[in-house]
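Chains as they are written, first to last, in this note's numbering: chain A, 575 to 963; chain B, 575 to 963; chain C, 575 to 963; chain D, 575 to 963.
There are 4 protein chains.
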Amino acid sequence: MINGSRRIPQPIRWAMVGGGSQSQIGYIHRCAALRDNTFVLVAGAFDIDPIRGSAFGEQLGVDSERCYADYLSMFEQEARRADGIQAVSIATPNGTHYSITKAALEAGLHVVCEKPLCFTVEQAENLRELSHKHNRIVGVTYGYAGHQLIEQAREMIAAGELGDVRMVHMQFAHGFHSAPVEAQSQATQWRVDPRQAGPSYVLGDVGTHPLYLSEVMLPDLKIKRLMCSRQSFVASRAPLEDNAYTLMEYEGGAMGMVWSSAVNAGSMHGQKIRVIGSRASLEWWDERPNQLSFEVQGQPAQILERGMGYLHPNALIDDRIGGGHPEGLFEAWANLYYRFALAMDATDRSDTQALSAVRYPGIDAGVEGVRWVERCVLSADNDSIWVAY
Amino acid sequence: MINGSRRIPQPIRWAMVGGGSQSQIGYIHRCAALRDNTFVLVAGAFDIDPIRGSAFGEQLGVDSERCYADYLSMFEQEARRADGIQAVSIATPNGTHYSITKAALEAGLHVVCEKPLCFTVEQAENLRELSHKHNRIVGVTYGYAGHQLIEQAREMIAAGELGDVRMVHMQFAHGFHSAPVEAQSQATQWRVDPRQAGPSYVLGDVGTHPLYLSEVMLPDLKIKRLMCSRQSFVASRAPLEDNAYTLMEYEGGAMGMVWSSAVNAGSMHGQKIRVIGSRASLEWWDERPNQLSFEVQGQPAQILERGMGYLHPNALIDDRIGGGHPEGLFEAWANLYYRFALAMDATDRSDTQALSAVRYPGIDAGVEGVRWVERCVLSADNDSIWVAY
Amino acid sequence: MINGSRRIPQPIRWAMVGGGSQSQIGYIHRCAALRDNTFVLVAGAFDIDPIRGSAFGEQLGVDSERCYADYLSMFEQEARRADGIQAVSIATPNGTHYSITKAALEAGLHVVCEKPLCFTVEQAENLRELSHKHNRIVGVTYGYAGHQLIEQAREMIAAGELGDVRMVHMQFAHGFHSAPVEAQSQATQWRVDPRQAGPSYVLGDVGTHPLYLSEVMLPDLKIKRLMCSRQSFVASRAPLEDNAYTLMEYEGGAMGMVWSSAVNAGSMHGQKIRVIGSRASLEWWDERPNQLSFEVQGQPAQILERGMGYLHPNALIDDRIGGGHPEGLFEAWANLYYRFALAMDATDRSDTQALSAVRYPGIDAGVEGVRWVERCVLSADNDSIWVAY
Amino acid sequence: MINGSRRIPQPIRWAMVGGGSQSQIGYIHRCAALRDNTFVLVAGAFDIDPIRGSAFGEQLGVDSERCYADYLSMFEQEARRADGIQAVSIATPNGTHYSITKAALEAGLHVVCEKPLCFTVEQAENLRELSHKHNRIVGVTYGYAGHQLIEQAREMIAAGELGDVRMVHMQFAHGFHSAPVEAQSQATQWRVDPRQAGPSYVLGDVGTHPLYLSEVMLPDLKIKRLMCSRQSFVASRAPLEDNAYTLMEYEGGAMGMVWSSAVNAGSMHGQKIRVIGSRASLEWWDERPNQLSFEVQGQPAQILERGMGYLHPNALIDDRIGGGHPEGLFEAWANLYYRFALAMDATDRSDTQALSAVRYPGIDAGVEGVRWVERCVLSADNDSIWVAY
């Protein structure tokens, strides 16, 4: 269990790009990073408006001289300090992820970045190379990747409790953009603008989340080919889609399905994953993240609860409170940041063994997400043909 | 509300083909037909074993001389009686539906038949012609087609409560055949044998059910084209599938999805339909048939309960008990048979106005189901190409 | 499984008192009795208005000469026929149950009666005596007493799967009478009138239902003493209560709690029972009757589904359809009537062994219900003192 | 929404008594206090073992000289510092709460204390006096008291959406102590030892939680009298109870019921509150804290979701993330500590208007909890007589 005892020797000196006073996601990053004494916030370029950014940073306890007007200045000036930043989190619109991540890696910083990392596989491969060259971690914030019940699912599947895996059904389908809310909401506006959001809206924005969960649960499953159909039910969003279906054939014969949507009217969040095997199924839903449904054919369905002694040890080590008490999104993110910290620390200490023991969504997950979106768009824009993966 | 007061002047004289002592579905037909004094069971060819069939029929109160060895004898001899049968229900394996239905229509009988009516659209059209020629009803047993909350959904959609319909998601996905149970179970054996089951297993056996619900709820929605991918996860079932995905484009831009499966391990029944509009969604699940979820974007989700005064009048007339008390599958089937009786009676009385007021799955629904399966198989067997509808 | 094959040699000749064209409960009785060829409806005094009663009876297929103006005439004239009735069901307001049941027993008839049988323990004991003297069955319609999952619970408890039983929590708490609806509804009016309803409203009308379920599940549990607090939240109902709490101490130290209510605003039906043992708990809810929750401390909660092979054989014999398909209230009632038929038949054949194998709510259950209400009222009317049982 | 912008001018200098490396609740206090820059941890007497306590404190970033061996030393030495602590949280076994709280108040500190504050009403009144005399805040950690949906319920009730409140049903009934786990678990051991736990186990430990929620939701409801029955199902726990029922009559005729239990086998947490009015009911469950059920009699039940625009403004200001994303226990506690900070700050600034606008469980709530337990025990130990309140 986590109770505040840190697992790394020193907190990592950390900064943010974006995440200012108008940003909700910035708050989530900070809550996650600062939760367990693994990061300490010492600098930031929090806002496109430098004055507002500084005021906000100071209020968070950051020295005024380390509240920077832009990320390039920050990387440059922090590099000169003995106590300069070691890691940076990027919480800005999609269109800026690539250049900021690139600059951060080149400045020798570990990076935590919102997905998508960038818009093309080529860019993504470029970032992978930089990450290897500079030996820096790139963490991608698939928020529930570190959730204890995702670990539990992974362990149960690995132990064969589902039999042969036949199907993986994923969805992330909310309804908040059923109407053209972008007219009023800036936070939505850039998401449906190809210049800022890239080649897709919901495929990248929501679909990649459960896709990554499937990668955690089923590390050996490889997509062979996929087809995709995408729609812009709010017509002004075209060419970006607000709804999409992706059907996937995996190596070995299993099938995958992803439903990505922002127009599932009345649905709150709707991130779900169901893995179906020859013997049993597992199902998890992020709106009730403390429960995992385990359904063995011919037996009563079971509801596994987070925090209970019957879970796999790997599904218990990141608990912050016992079973019955709800943990939520913030704990899942804190788990993620904890793992980023462990990976950064292991890298800094050149402890490859420790590094390999940390499971987190890193640069490979980032590349994979970009590739998946690219392939989906290729299929969708060609009358839903099958596209090799 | 239904309380036993019959809405037709005389009960219809009725027989069964199949549905003997080993048959569970036969019991369901009888419970439904006899529930409301609209049918009276007077004859039958209940069993492929005539002696066993007679014994069973007599025990049900059928005169021994009207327990027949086979359906042809029954049709012939009953035709000679002044009090001969007027309608017949067919509860035999799929492969026999076509010839029995044909013979029944030619004998001037109304028919109730399990789906699929037959294996090809050509046969189906042939039956449609016969039905028109002889002016007889063919009822197809889509069990929940007459359910009150399906009526409620239809009325709400018609009234525009969902806005423009954008998506229709259907599934009928149970797990009972996750293992090759056909080795032990005769009831499963014929379903995975193309000679007896026709060109598909789950598409026809389960997928057509929610498809028909969508036709009831959305009478104006027309499929433009579809693509299908099907799998035989239990390999010995090939070429018949035990799992399939069908993606549909409707005229006007809405999308449809049907997941048909018998290998959704751990799932009990899993028939669901969700209709998503620009304003709100409706969702219904046959395992909790007394509830209908109504989710308006930006408002609290609502749970509509069968039998409550806030429902549309058309969703209340077939109640047998007030809200709060669960009705189940048998009441849904009884509604269906009630409607078959009303349609048969109106036809016999040449009351076309009354006939047109009865909503039931008739010959057109039967043809449509066969066509949909045929199109799905055509796509699936051609690497999931889009097939015009 | 039940498929229409009758388990008794001949259907029992059966009549109704009450249950006419305005009655919903009459329809439920008929659906239940006629479901499995165990009863045949041959006579009736269906209505306080004889002309309306006759019309309705004839429409149900009863000979007009056997549609009687009142129950006394019916009992008298049927007694003279060789094919006269053998059993009668009573579906009239509470205040008439005692005298009709008494007359029926004295006429040598088996009886099925709505609860409460009568208003005082003295009357109840009197009926018990008559029942013994005339060797006739008195069945009481606790609707879910014959439900398969109640049987399952009984068997699991008997097998020790819960450990020592510590608590039994019962409730039947709907909200339909939150407002003084009796001003408009005749069906509610008599229930809140002490002359017609007896000494209590909700304690007798709803509370006795889950109480009887506890008697089925826990045959050895004996109430030692109880206390009760009752309220008339709609003041005009006083002295009759529309809400009540009963706390019970059982012999051996277990505790029981019953919440009876008609003013649980917004609740549909709300009949629930939870049995808590030292090892595990069971919970059942009549609005989702096909599921039984089994919660072993320290293990994942399990959802047992009706109709599944993992249930006790005694929980499977009364299935009418396999698991996954919802059975509802009507099947539960049909089970009940099936058992009444088996008990009547065994009694008529003097087969005491067969009789003792039939579990059904009989005269003892009827007496017990009356006693419990009497004790509750005694406590409630004396400032909730503990009353020995 | 909360995004890290502090609402008070300076963080409050804060210390802990208890909450060391073995303590889970200590972690929760720290997560809550440190979440929003309102408190800064500068000192502590974290552990009964001073060396272990210091090591842990330093690891949390506390100066070693401010890691004290015991709370008296801490209060004394911190009082001498210009930057000494302003507030202290007490996370020690029940038996020590009174003396530590007393000492803290006398040292001029604001206090946050686990409930129960003490064991007798006399002690509680004494603490209230001290709190007033020294003008210091005493916050009591009823964890969900600051939850947004509890605020929503309060506002809806105040606005009359339920009509007249008739019943308040509360429960906190888990199953983790169904077996005598105290033999193995120190954390449980002291809870069932009257010397350390006081006059009750579950009434105080769990029952007071939903009781306080009812006080928040229904500020005008006053208990008139109550009766209580308590049991020690694990016999060795006597005289302390592991299960209890409390029935309450409120002024004005409403009824209350509290079920407190640690032996509700198989239940995870089981804190629920249902408020029933003449028009509608509200229900909330701490295992699904993001949903609030609103059931208007005669209308479809509604599920209100945290974070949605249709909620009352007061139910939105403490959101940390939008609707659909689950917040959990840690956010509820953080809300609580936020409010403690606002109250402490307002007190320090002598801003009585600001102080009166902060709703939090303070000294009055603490006294009330102690009184309620005392009254329950008095009733329970006198054969469940009614006890005036």
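Glycine is no exception: its CB is placed at the ideal position from the N, C-alpha and C atoms.
- Here the C-alpha atom of glutamine 873 of chain A lies approximately 10 Å from the C-alpha atom of arginine 853 of chain A.
- Residue pairing by DSSP puts tyrosine 824 of chain C in a beta bridge opposite C/Ile797.
- With a cutoff of 8 Å on beta-carbon distance, isoleucine 659 of chain C and alanine 589 of chain C are scored as near each other.
- Contact residues of the region 856 to 873 of chain D toward chain B are Phe868, Gly872 and Gln873 (C-beta to C-beta distance below 8 Å).
- Under the Cβ criterion of 8 Å, asparagine 888 of chain B is not counted among the residues facing chain A.
- Residue-level contact by beta carbon fails for glycine 943 of chain C and chain A, as no gap is shorter than 8 Å.
- Ranked by how close their Cα comes to the Cα of tyrosine 775 of chain B, the residues B/Val849, B/Phe868, B/Arg765 and B/Thr782 have B/Arg765 in first place.
- In terms of beta-carbon proximity, isoleucine 731 of chain D stays away from the interface with chain B, with every pair separated by 8 Å or more.
- For isoleucine 850 of chain B, no chain D residue has a C-beta closer than 8 Å to its own C-beta; the minimum C-beta separation is roughly 16 Å.
- Ranked by Cα distance from valine 808 of chain D, the first of D/Val870, D/Leu785 and D/Phe750 is D/Phe750.
- The residue from C/Ala653, C/Gly631, C/Ala917 and C/Val714 with its alpha-carbon nearest to that of isoleucine 664 of chain C is C/Val714.
- With three or more CB-CB distances shorter than 8 Å, the region 596 to 610 of chain B counts as touching the region 577 to 584 of chain C.
- Look at the region 878 to 909 of chain B: the residues with a C-beta under 8 Å from a C-beta of chain D are Leu878, Glu879, Met882, Gly883 and Tyr884.
- Of all residues in the region 579 to 600 of chain B, the ones placed with a Cβ closer than 8 Å to any Cβ belonging to chain C are Ser579, Arg580, Ser595, Ser597, Gln598 and Gly600, in chain order.
- Scanning its chain for C-beta atoms nearer than 6 Å, with the 5 sequence neighbours on each side dropped, one finds around valine 932 of chain C the residues Arg913, Leu916 and Ala917, in chain order.
- For serine 867 of chain C, the secondary structure class from DSSP, reduced to helix, strand or coil, is strand.
- Proximity of chain A to glutamine 876 of chain C at the Cβ level (cut-off 9 Å) is accounted for by Gln873, Pro874, Ala875, Gln876 and Ile877, in chain order.
- Annotation: the continuous alpha helix (DSSP H) that includes methionine 791 of chain A extends over 782 to 791.
- Within the model, the alpha-carbon separation for histidine 783 of chain B versus tryptophan 859 of chain C is close to 28 Å.
- The shortest CA-to-CA distance from glycine 593 of chain C to any of C/Asp623, C/Lys796 and C/Ser855 is the one to C/Asp623.
- When 8 Å is used as the limit between beta carbons, arginine 949 of chain D is near no residue of chain C, the shortest such separation being about 16 Å.
- The DSSP-derived three-state label of leucine 903 of chain B is helix.
- A check of alpha carbon separations from glutamate 688 of chain D across D/Ile937, D/Phe868, D/Asp657 and D/Ile959 identifies D/Ile937 as the nearest.
- Among the residues of chain A, those whose CB is under 7 Å from the CB of arginine 604 of chain D are Gly578, following chain order.
- Take valine 614 of chain D, set aside five residues on each side of it, and the residues of its chain with a beta-carbon closer than 8 Å to its own are Pro585, Ile586, Arg587, Trp588 and Leu608, in chain order.
- Short of 7 Å from the beta carbon of alanine 839 of chain A, and not among the five residues preceding or following it, lie these beta carbons of its own chain, in chain order: Gly749 and Ser752.
- Contacts with chain D (Cβ-Cβ distance below 8 Å) from the region 759 to 784 of chain C involve no residue at all.
- The region 676 to 747 of chain A contains, as complete beta strand (DSSP E) runs of 3+ residues, the segments 684 to 687, 712 to 714 and 739 to 747 (chain order).
- Sequence-distant partners of threonine 666 of chain A (beyond 5 residues in either direction) whose C-beta falls short of 7 Å from its own C-beta, in its chain, are Val591, Gly592 and Ile674.
- Contact between methionine 741 of chain C and isoleucine 850 of chain C holds, with the beta-carbon distance rounding to 4 Å and staying under 8 Å.
- For isoleucine 877 of chain A, same chain residues with a beta-carbon under 7 Å away, outside a window of 5 residues either side, are Gln865 and Ser867 in chain order.
- In terms of Cα proximity to leucine 723 of chain B, the closest of B/Asn668, B/Gln871 and B/Ile891 is B/Ile891.
- Burial is judged here by how many other beta carbons sit within 10 angstroms of a residue's own beta carbon; arginine 949 of chain C has at least 16 and is buried.
- Per DSSP, the unbroken alpha helix (DSSP H) holding valine 941 of chain B starts and ends at 937 to 954.
- In terms of beta-carbon proximity, valine 837 of chain B lines the interface with chain A, with at least one pair separated by less than 8 Å.
- In chain C, no part has a C-beta under 9 Å from the C-beta of glutamine 927 of chain B; the shortest such distance is about 24 Å.
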